[in-house]
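K.L.:
Got a structure here, written out as structure tokens. Questions coming.
2 protein chains.
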Amino acid sequence: MSAPEDQDDLMTKDPERAQSEHGGEDQSQSKASEIAQDLNYGMDIHLQPDFVRSVIEAVHAEDRELARSLVAEQHVADIADLFEVLPPEERRTLAVLVADSLDPIFLSELEGAAFDDVIRVISPQVIADAVQQLDTDDAVYILEDLDADAQHQVLHALTREDRMALEEGLAFPEDSAGRLMQRDLVAVPEFWSVGQTIDYLRAHDDHEQPRDFYELIVIDPTYRPIGTVPLSRLLGCQRPVRIRDVMTPEPHIVSVSTDQEEVARQFAKYHLISAGVVNEHGRLVGVITVDDIVGVIEDEASEDILALAGVSEGDVNNSIRDVTRTRFIWLFVNMGTAILASMVIGLFEATLETMVALAVLMPIVASMGGNAGTQTMAVAVRALATKELSPANAMRIVNKELMVALINGAALAVIVGFVGIIWFGDILLAFVLAAAMIINIVMAGLSGILIPMMLDRFGIDPAVASSVFVTTITDVVGFFAFLGLAALILI
Amino acid sequence: MSAPEDQDDLMTKDPERAQSEHGGEDQSQSKASEIAQDLNYGMDIHLQPDFVRSVIEAVHAEDRELARSLVAEQHVADIADLFEVLPPEERRTLAVLVADSLDPIFLSELEGAAFDDVIRVISPQVIADAVQQLDTDDAVYILEDLDADAQHQVLHALTREDRMALEEGLAFPEDSAGRLMQRDLVAVPEFWSVGQTIDYLRAHDDHEQPRDFYELIVIDPTYRPIGTVPLSRLLGCQRPVRIRDVMTPEPHIVSVSTDQEEVARQFAKYHLISAGVVNEHGRLVGVITVDDIVGVIEDEASEDILALAGVSEGDVNNSIRDVTRTRFIWLFVNMGTAILASMVIGLFEATLETMVALAVLMPIVASMGGNAGTQTMAVAVRALATKELSPANAMRIVNKELMVALINGAALAVIVGFVGIIWFGDILLAFVLAAAMIINIVMAGLSGILIPMMLDRFGIDPAVASSVFVTTITDVVGFFAFLGLAALILI
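Read top to bottom, the protein sequences are chains A and B.
Residue numbering for the first sequence follows our numbering, starting at -11 and increasing by one per position.
Residue numbering for the second sequence follows our numbering, starting at -11 and increasing by one per position.
Listed below in structure tokens is the structure:
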């Protein structure tokens, strides 16, 4: 049976053409502004300050009915956002008031401190019910953050089968493909026909299959993945066609132990929608879908940004205590490097006493070196993360950074030299300033590229560790070069 | 027809159980190490330095056959990576040797300077052939980066229909949903049955439909999207079921003019696989799929990282000239702020002459303020980008940052105070150092959160502009507070 003619143009290649035939430009004009408004305010309309204020009022009044009616009909992702913007006290009370009325998946949407607060006040039975209804990856996400006691309680409220599946999921290392994967999946043997596959899917709908999936994984009799069939291709084929004749062979697979960052990189590079996950024997044990990967990519990028700035945890909802402690560690380490730089200055106390202008100008050299080093370092860290910088092109990139540093160092040296002449009227001083500037910017460029590469080679995350080293070098070299040259030439 | 019993366990919920029944543990043991090896080296095996060296040798010998055989059978994404790691000269020669033998989609995988180099040396006819075969979004990606002449040439080598579609795509603003969307899509009316839809897809396979798709978009007679049906759900339904009874109503849609960063945020938040794109009349004109969004998320995160570090373009393949120029601008601006900070020091020349220890210690205060400000700023910029920081919780977050700054400022002041006493044996000097430290770290915390928020409010990207302001404040306040207090108390 083919689609009737008059409906055909509804599905035509270019919808624009079809709609002009349908006319109706006039009636729809009035609706246009409505829609535009919806689009403008988008899906965050519910998190306008007014809405949040209403929720807070309902929470303060402990008005369960009102609170439930406010969050009812909201998308779970919006409900999670709501919990995240609330202050901790109100967050916990709201959870007590409404948690059991929500789609359990909202728990897997919560992050960081908001998750901790909510999970602490709702009963283990509600958590167990939620875990039972969720896909394995979402259930593991919730379980992994519970403390040992609560985890034990929840696991023992489950059926034996579910418990075993989740315990296996939890046994994989954190941030591994094993944690991220969904165990419910649809795999078919290559000798099936398209018709057989569709009949199977119809017969087994709802209870055994994962919520939504986008590709079938084709397996051999020993459960090794040998191909994939996108559902759109399956739907385009006649019933008698064999799966082996429509599958894409050599599927992209990942091992259970692969780090999620590497999994994400492969999804991004190869435009994957899903990837089979295999155990150490090469057998299919789960599947990772792209919607989970989007979250991983966002998180990993955030981690890199924050790590470069010396912040280990970027959740704006964390408690003051946690934030203060983690940031303090970094500041303390940096105080060490700042004191080191000061000790370098201390070596030249006599020089500074003779010529106080040096004290005025020396921060310029250090600061410019710091900026140039940070530029190169950020590019290097990002290129290492995306594998654009690899042993295959390392030499070329290092040479390029050296050239860039020489050119910019020279240009800035000329400018800062003129500033020195105009400000202090001292050509020799200006020359020392200019020379120190070139030296420090070249050192900054070299350390900005070489330090991240070395850390990466030694298996240390360059985003976390690079900036302490780079800043120390640019500070120490900056002060030493400037004051040292001054001591030699000016005094 | 239902699936035969003996095949059923191939598709069971938990593959682990099925495979133990299948046995075969022994025969497969030997293959295990092979597979492990494949997984370890992954899909980048071809970009090992040895492989790149072979390609470079083939290029230098201008050995067309060898070059073609080396890149044949590689995944297009790996071919793109190969072009990106090659030096510019070799890159262009390789393109001349092999471009016409490759799947045209490899052009849409190239980025930045690698794309520019390759596109410049291959003939407009090869580009036109490629564009003709690609999805609209990939074709637009290629066309938008051509210079006006080449674009004109390529467009006029196309059929009128294709040309018009691409010209429309190019008319949308850069980085908008209109540029990102794919115009070929499958939309169905709600009154169709599942069977009718499947028959339609079978009848129209290959030429009119997009390559792969994951959801059907359900439309009303005026072409407005009213729902979506994931293909897995379509496949699970019996033929007579009506589309309206299985669709998810109120689909997530985006407008053609929505910025791609906002589109990406919605995909991430709502775990979307695809989203319909509507024009100003609310009518469906295209679809964006998650595989394109993964690239956007990576790019936008990279942009933020690099912008914070003062780099406008992170492509390691850009030419030395481009890199030098863009980085110079930032360094030049920062030299202005460094000179400003020096001028603040200049105000206290007399004080410094009296007590040279101040010159030794003053960089500690400025540097710690800079670090604390950068920490807060990175968190704020990231939270603004992910909308975790919004008017609804702004006051709470600012208060929290103030508290964190007060606590860490006090702790670090005590420590640096002791350092001052031990080093210089001067309690008053140590007190001045400690007081300046608290003042500067609190100022750093406040400016680190308030400056990004203000820039965001005024529609300026906080990632690009924040750090100049924050560093200026921490430098100026640091030197002024320390030297000013010293002038008041010590001299």
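All residues carry an ideal CB built from backbone N, CA and C; glycine is no exception.
#1: Using a Cβ-Cβ cutoff of less than 8 Å, which residues in the same chain neighbour S16(B) once the five nearest sequence positions on both sides are dropped?
#2: In the DSSP assignment, what are the bridge partners of S57(A)?
#3: At which residues does the beta strand (DSSP E) containing E203(B) begin and terminate?
#4: Does the structure place the stretch 413 to 433 of chain B close enough to the stretch 290 to 305 of chain B that three or more beta carbon pairs sit under 8 Å?
#5: Checking 8 Å against the spacing of the C-beta atoms, do R52(B) and L85(B) come in under that value?
#6: Which whole-angstrom value describes the C-beta separation of A422(A) and G405(A), a residue pair presumed to lie in contact below a C-beta threshold of 8 Å?
#7: Would you call T147(A) buried or exposed, if buried means 16 or more other Cβ atoms sit within 10 Å of its Cβ?
#8: Starting from G157(B), find everything on chain A with Cβ-Cβ shorter than 7 Å and list it in chain order.
#9: Count the C-beta pairs between the stretch 321 to 339 of chain B and the stretch 457 to 472 of chain B that are closer than 8 Å, then say yes if the count reaches three, no if not.
#10: Along the chain, where does the alpha helix (DSSP H) containing T460(B) start, and where does it finish?
#11: Determine the chain B residues that contact G283(A) at a beta-carbon separation under 7 Å, and present them in chain order.
#12: With H, G and I counted as helix, E and B as strand and the rest as coil, what does DSSP make of R212(B)?
#13: Return the CA-CA distance between G215(B) and N267(B), expressed in angstroms with no decimal places.
#14: How many whole angstroms separate the CB atoms of P228(B) and S181(B), which I take to be in contact at a CB cut-off of 8 Å?
#15: Q276(A) lies in the beta strand (DSSP E); which residues open and close that run?
#16: Would you check if the distance between the CB atom of L272(A) and the CB atom of Y211(A) is smaller than 8 Å?
#17: Could you tell me how far apart the beta carbons of A46(A) and L54(A) are, in whole angstroms, since I believe they sit closer than 8 Å?
#18: Check the Cβ-Cβ distances between L146(A) and every residue of chain B, and say whether any is below 8 Å.
#19: Report the residues of the stretch 53 to 75 of chain B with a CB closer than 7 Å to any CB of chain A, ordered along the chain.
#20: Please report whether the beta-carbon of Q226(B) lies at a distance below 8 Å from any beta-carbon of chain A.
#21: For a test of the three-state rule: what should DSSP assign to G264(B), helix, strand or coil?
#22: Quick check on S454(B) - is its C-beta less than 8 Å from some C-beta in chain A?
#23: Counting only beta-carbon atoms, is P218(B) nearer than 8 Å to chain A?
#24: Is the stretch 434 to 445 of chain A touching the stretch 361 to 375 of chain A, taking contact as three or more C-beta pairs under 8 Å?
#25: Taking all protein chains shown into account, decide if E97(B) is buried (16 or more other Cβ within 10 angstroms of its Cβ) or exposed.
#26: Could you tell me whether the Cβ atoms of I285(B) and E376(A) are closer together than 8 Å?
#27: Return the first residue and the last residue of the beta strand (DSSP E) that V242(A) is part of.
#28: Of the residues that make up the stretch 347 to 369 of chain A, which ones have a beta carbon closer than 9 Å to any beta carbon in chain B?
#29: List, in chain order, every chain A residue whose beta-carbon is nearer than 7 Å to that of S330(B).
#30: Rounded to a whole number of angstroms, what is the C-alpha to C-alpha distance between A469(B) and A424(B)?
#31: Could you say if the stretch 63 to 80 of chain B and the stretch 92 to 109 of chain B meet the contact criterion of at least three C-beta pairs nearer than 8 Å?
#32: Give the straight-line distance between the Cα atoms of R232(A) and F103(B), rounded to the nearest whole angstrom.
#33: Hey, quick one: how far does the alpha helix (DSSP H) through V430(B) stretch, first residue to last?
#34: Name the two residues that bound the continuous alpha helix (DSSP H) containing P351(B).
#35: Do you know how far the Cα of V332(A) is from the Cα of D485(A)?
#36: What are the residues in the stretch 201 to 218 of chain B lying within 7 Å of chain A by C-beta distance?
P.N.:
In this structure, then:
#1: Here residue 16(B) refers to the residue found at position 28 when the second sequence is read from its first residue. With a pLDDT of only 41 at S16(B), under the threshold of 50, the placement of this residue in the model should not be trusted, and no figure is reported.
#2: Locating residue 57(A) in the first sequence gives position 69, where the first residue counts as 1. For S57(A), which the question treats as bridged, DSSP gives no partner whatsoever.
#3: Here residue 203(B) refers to the residue found at position 215 when the second sequence is read from its first residue. Its beta strand (DSSP E) spans residues 203 to 207.
#4: no
#5: Start at 1 with the first residue of the second sequence, and residue 52(B) comes out as number 64. Start at 1 with the first residue of the second sequence, and residue 85(B) comes out as number 97. Contact: yes.
#6: Within the first sequence, residue 422(A) is the residue found at index 434, counting from 1. Within the first sequence, residue 405(A) is the residue found at index 417, counting from 1. Contact flag correct, Cβ pair sits at about 4 Å.
#7: Here residue 147(A) refers to the residue found at position 159 of the first sequence. It counts as exposed.
#8: Position 169 of the second sequence, counted from the start, is the residue given in the question as residue 157(B). Residues of chain A passing the Cβ test: none, with the nearest at roughly 12 Å.
#9: yes
#10: Translated into the one-based positions of the second sequence, residue 460(B) becomes position 472. Here the alpha helix (DSSP H) through T460(B) covers 450 to 477.
#11: On the first sequence, residue 283(A) is found 295 positions in, with the first residue counted as 1. Here the neighbours are A256.
#12: Residue mapping note: residue 212(B) aligns to position 224 of the second sequence, counting from 1. In the structure shown, R212(B) sits in coil (DSSP, three-state: anything other than H, G, I, E or B).
#13: Residue 215(B) sits at position 227 when you count from the first residue of the second sequence. Residue 267(B) sits at position 279 when you count from the first residue of the second sequence. Each residue's Cα considered, the two are about 17 Å apart.
#14: Taking the first residue of the second sequence as 1, we reach residue 228(B) at position 240. Taking the first residue of the second sequence as 1, we reach residue 181(B) at position 193. Indeed, because the Cβ distance is near 6 Å, the residues count as touching under 8 Å.
#15: Taking the first sequence and counting its residues from 1, the one referred to as residue 276(A) is at position 288. Here residue 276(A) is Ile; the residue named in the question, Gln, does not match the sequence. Segment 272 to 277, the beta strand (DSSP E) holding I276(A).
#16: Against the first sequence, residue 272(A) aligns to sequence position 284. Against the first sequence, residue 211(A) aligns to sequence position 223. Yes.
#17: Here the question's residue 46(A) lines up with position 58 in the first sequence. Here the question's residue 54(A) lines up with position 66 in the first sequence. With a Cβ gap of about 4 Å, A46(A) and L54(A) count as contacting.
#18: Taking the first residue of the first sequence as 1, we reach residue 146(A) at position 158. It does not: the Cβ of L146(A) has no partner Cβ on chain B nearer than 8 Å.
#19: H63, A65, E72, V73, P75
#20: Position 238 of the second sequence, counted from the start, is the residue given in the question as residue 226(B). Cβ-Cβ to chain A under 8 Å: yes for Q226(B).
#21: Numbered from 1 along the second sequence, position 276 holds the residue referred to as residue 264(B). Note: G264(B) maps to strand in three-state DSSP.
#22: Position 466 of the second sequence, counted from the first residue, corresponds to residue 454(B). S454(B) does not count as touching chain A.
#23: Translated into the one-based positions of the second sequence, residue 218(B) becomes position 230. Output row for P218(B): interface = yes.
#24: yes
#25: Against the second sequence, residue 97(B) aligns to sequence position 109. Its Cβ being crowded by 16 or more others within 10 Å, E97(B) is buried.
#26: The residue labelled residue 285(B) in the question sits at position 297 within the second sequence. The residue labelled residue 376(A) in the question sits at position 388 within the first sequence. No, these two residues do not count as a Cβ contact at 8 Å.
#27: As a working mapping, residue 242(A) is identified with position 254 in the first sequence. It spans 241 to 243 - the beta strand (DSSP E) in which V242(A) sits, taken as one unbroken run.
#28: A347, V348, L349, M350, P351, I352, V353, A354, S355, M356, G358, N359, A360, T362, Q363, T364, M365, A366, V367, A368, V369
#29: Sequence index remark: in the second sequence, residue 330(B) carries index 342 (1-based). Per Cβ cutoff of 7 Å: V348, L349, P351, I352.
#30: Translated into the one-based positions of the second sequence, residue 469(B) becomes position 481. Translated into the one-based positions of the second sequence, residue 424(B) becomes position 436. Spanning the two alpha carbons is a distance of roughly 5 Å.
#31: yes
#32: Along the first sequence, read from residue 1 onward, the residue named residue 232(A) stands at position 244. Along the second sequence, read from residue 1 onward, the residue named residue 103(B) stands at position 115. Cα to Cα, the separation comes out at about 36 Å.
#33: Mapped onto the second sequence, residue 430(B) falls at position 442. Per DSSP, V430(B) belongs to the alpha helix (DSSP H) from 415 to 445.
#34: By one-based count along the second sequence, residue 351(B) stands at place 363. Unbroken alpha helix (DSSP H) run through P351(B): 345 to 373.
#35: Chain A is shown only over -11 to 479; residue 485(A) falls outside these bounds and no answer can be derived.
#36: F201, Y202, I207, P209, T210, Y211, P218
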